[in-house]
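Visitor: Quick note on numbering: this note's numbering labels position 93 of the sequence shown as 96, and the sequence is numbered without any gaps.
Even glycine gets a Cβ: it sits at the ideal position worked out from N, Cα and C.
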Amino acid sequence: MILVTGGAGFIGSNFVLDWLAGSDEPVVNLDKLTYAGNPENLASLEGDPRHIFVQGDIADTDAVNRLLALQKPRAIVNFAAESHVDRSIHGPEAFIQTNIVGTFRLLESVRKYWSELQGDAKAGFRFLHVSTDEVYGSLSPAEAAFTESRPFEPNSPYSASKASSDHLVRAYHHTYGLPVLTTNCSNNYGPYHFPEKLIPLMIVNALAGKPLPIYGDGQQVRDWLYVKDHCSAIRRVMEKGIAGQTYNIGGWNEKPNLEIVHTVCALLDELRPRVDGKSYREQITYVKDRPGHDRRYAIDARKIERELGWKPAETFDSGIRKTVQWYLANPEWVAHVQSGSYRDWLQTNYAARAA
Ligand code: NAD
Ligand code: DAU
């Protein structure tokens, strides 16, 4: 079996669902269930003996040691993290605790577990660390996309904490020989995306008749990848990646934020027109920029294509249409995640950004 951490979050839950749709190999899912972890994402697996859910913290060494000894995974995929840049600006502590201390403690547990394995089990074991393109910092408009050899220049507490965890993972390979793999991926979008992030926030705010808050001039560029493509890339790296290597994952799909929001509005205009016949674009509002806002990310994903034969299957047009359709078809999921703590977060982040 494999162990997935953070498998009740956005990407982790898509990964678990896709894994079990394509394989009978069981998944142990260790998740702390922070505000971002949602068991409802995994509701379709209820009663499925191939999915074992364990609520717990990657930083809880005793619990992780017991879990490893009991379940004996052949591989671990580490999604568990605090993942929202704006939250890291308002409160970095949780990012340091989970992304740095948590990854460190998990690595220690995994090193102990792996060092006691024998023969093929030891040789075949892999620890895959899921990371982000944000560790590389920000690009100017004319600069070449990030390759795997680009020096790290993280700019937010979130990206600095992820960069730190990537360094720890690298060091555990170099020093102890732990068979690690690291992936650095661009912005994901798709089903089960928590509506604090740009695309789902725009969809739910548009439908609720609320402002669509654009930070700064809206010309910041991100590379967008459909989440199921990220999951297929991770499976490929697990299967064929060389231990100790890092692989960039991206969608070859750079777009300014404003264009993304216009696309979401156009899809909603088509699929769920406003009752007054006006476009959802009318709700766009320019607000105060994110402090230290990275201007551009772009991923050079040629290594994973050349060495492992992976390419994204979804175009942005098809992926964003599926995403908007998913949110329209799942109003209960949206309503359930809009808890009191979600409303508190909106107040914390947006009250001070008045247009
Ligand atoms: P998410 O915030 O939606 O989910 C994170 C999950 O981790 C949640 O289920 C949460 O409960 C769990 N978690 C948090 N702290 C934990 C802890 N201490 N122990 C166990 N579980 C814990 O995040 P996501 O968007 O799904 O991102 C998953 C991973 O992918 C993160 O490592 C993130 O840095 C990385 N990543 C995300 C993106 C993106 O666009 N979302 C892109 C590239 C890389
Ligand atoms: O690049 C990968 C990263 O992508 C991941 O590592 C992070 O976990 C993930 O959250 C994401 O980070 P971003 O900061 O790029 O994503 P976010 O959705 O928060 O913002 C995308 C862009 O949209 C960014 O330039 C900020 C802008 N934005 C965001 C929000 C929430 C707005 O203009 N308005 C908003 O209300």
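1. Using only the alpha-carbon positions, how far apart do Lys371 and Ala304 sit?
2. Leaving aside the five residues before and after Asn260 along the sequence, list all residues of the same chain whose C-beta is less than 6 Å from its C-beta, in chain order.
3. Is the beta carbon of Pro216 within less than 7 Å of some heavy atom of the ligand DAU?
4. For His233, count neighbouring Cβ atoms within 10 angstroms of its own Cβ and tell me buried if that reaches 16, exposed if not.
5. Out of curiosity, what's the CA-to-CA distance linking Glu28 and Ala236?
6. Mind checking which residues open and close the alpha helix (DSSP H) that includes Phe13?
7. Using CA atoms only, rank isn't needed, just tell me which of Ile302, Ile323, Leu331, Asp65 is closest to Tyr139.
8. Which residue comes first and which comes last in the beta strand (DSSP E) that contains His132?
9. Between which two residues does the alpha helix (DSSP H) harbouring Pro203 extend?
10. Closer than 7 Å: is that where the CB of Thr64 sits relative to any heavy atom of the ligand NAD?
11. With distances taken from CA atoms, which of Ala39, Tyr38, Leu71 is nearest Val7?
12. In the structure shown, what three-state DSSP assignment does Tyr195 receive?
13. Can you tell which of Ser162, Leu271, Thr150, Leu201 has its C-alpha closest to the C-alpha of Gly295?
14. Spell out a yes or no on whether the region 67-83 and the region 100-115 are touching, meaning 3 or more CB-CB pairs, one atom from each, closer than 8 Å.
15. For a test of your reading of the model: does the CB of Gly221 fall under 7 Å from any non-hydrogen atom of the ligand DAU? Yes or no.
16. Going by DSSP in three states, Val290 sits in which element: helix, strand or coil?
17. Starting from Ala78, trace the beta strand (DSSP E) in both directions and tell me its first and last residue.
18. Pull the bridge partners of Asp34 from the DSSP assignment, please.
19. Leu181 and Val240 - do their beta-carbons sit closer together than 8 Å?
20. Can you name the start and end residues of the alpha helix (DSSP H) that Asp347 belongs to?
21. Checking the sheet assignment: what are the DSSP bridge partners for Trp227?
22. Where Glu317 and Asp226 are concerned, what is the direct C-alpha to C-alpha distance, given to the nearest angstrom?
23. When burial is assigned at 16 or more other CB atoms within 10 Å of the CB, is Asp347 buried or exposed?
24. Which residue marks the beginning of the beta strand (DSSP E) containing Thr266, and which one marks its end?
25. So does the region 271-289 actually touch the region 197-213, counting three or more Cβ pairs closer than 8 Å?
26. Ignore the nearest five residues each way along the sequence and tell me which others in Ala166's own chain have a CB closer than 6 Å to its CB.
27. Is the Cβ-Cβ distance between Phe98 and Gly9 less than 8 Å?
28. Using only the alpha-carbon positions, how far apart do Leu201 and Arg293 sit?
29. CB-CB under 7 Å to Pro214, same chain, minus the five flanking residues each way: which ones, in chain order?
30. Let me make sure I understand the geometry here. Which of Phe149, Val30, Glu335 has the alpha-carbon closest to that of Trp255?
31. Of the choices Ile217, Glu257, Glu199, whose alpha-carbon is the least far from that of Val337?
32. Let's test the definition: count the other Cβ atoms within 10 Å of the Cβ of Arg309 and tell me whether it reaches 16, buried, or not, exposed.
33. Can you list, in chain order, the residues of its chain with a C-beta nearer than 6 Å to that of Gln58? Leave out the 5 residues immediately preceding and following it.
34. Go through its chain and collect everything with a Cβ distance to Tyr283's Cβ below 7 Å, but skip five positions before and after it.
35. Less than 7 Å between the CB of Ile14 and some heavy atom of the ligand HEM, yes or no?
36. Can Asp303 be considered in contact with the ligand DAU, in the sense that its beta carbon sits closer than 7 Å to one or more heavy atoms?
Guide: According to the structure shown:
1. The displayed coordinates of the chain run from 4 to 358. Any statement about residue 371 would go beyond what the structure contains.
2. Gly221, Gln223
3. yes
4. buried
5. 18 Å
6. 13-25
7. Ile302
8. 129-135
9. 201-210
10. no
11. Leu71
12. coil
13. Ser162
14. yes
15. yes
16. strand
17. 78-81
18. Gln58
19. no
20. 343-353
21. Asn190
22. 13 Å
23. exposed
24. Careful: Thr266 lies outside any beta strand (DSSP E), inside the alpha helix (DSSP H) at 260-274.
25. yes
26. Val138, Phe155, Pro157
27. no
28. 13 Å
29. Asn208, Gln286, Thr288
30. Phe149
31. Glu199
32. exposed
33. Leu36
34. Ala209, Cys268, Leu271, Asp272, Arg277
35. The ligand HEM is not among the ligands present in this structure, which contains only the ligand NAD and the ligand DAU.
36. no
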